[in-house]
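Have a look at the structure below, then the notes.
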Amino acid sequence: MEDKRKYNGGNKNAGRKSKSEEVKLIEKLSALEPLAFMALEKGLENGDFKFTQLFYNYYAGKPRETKDITVTNEQPIFNIEDLDLI
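Using this note's numbering, the first residue of the sequence shown is number 628, and each one after it goes up by one.
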């Protein structure tokens, strides 16, 4: 029986873009930087929380997420009483 995995293929567009494509995209977006900055500035002036949050996420970094895990009672992994050792 033939191994058909070689016919599975994959998405040809999957994976990271090449460095040259990234550079081209950055060059295109650079022209819009003043407009984006003005939109951010306007949002901040209006007191819109989302703009403030976005600004500080990039300016100071996103705060580290912490999770408070509390165990109220201990559960044994297995119950010794249920085992028939004899």
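Where is the CB? At the ideal position from N, CA and C, for every residue including glycine.
Closest in alpha carbon position to M665, among R691, N638, F682, S645, is F682. Less than 8 Å divides the Cβ of F678 from the Cβ of G670.
Distances from the alpha-carbon of Y686 to those of L667, E648, A658, L652 put L667 closest.
Here the C-alpha atom of S657 lies approximately 20 Å from the C-alpha atom of N684.
Secondary structure at T697: coil, using DSSP grouped into helix, strand and coil.
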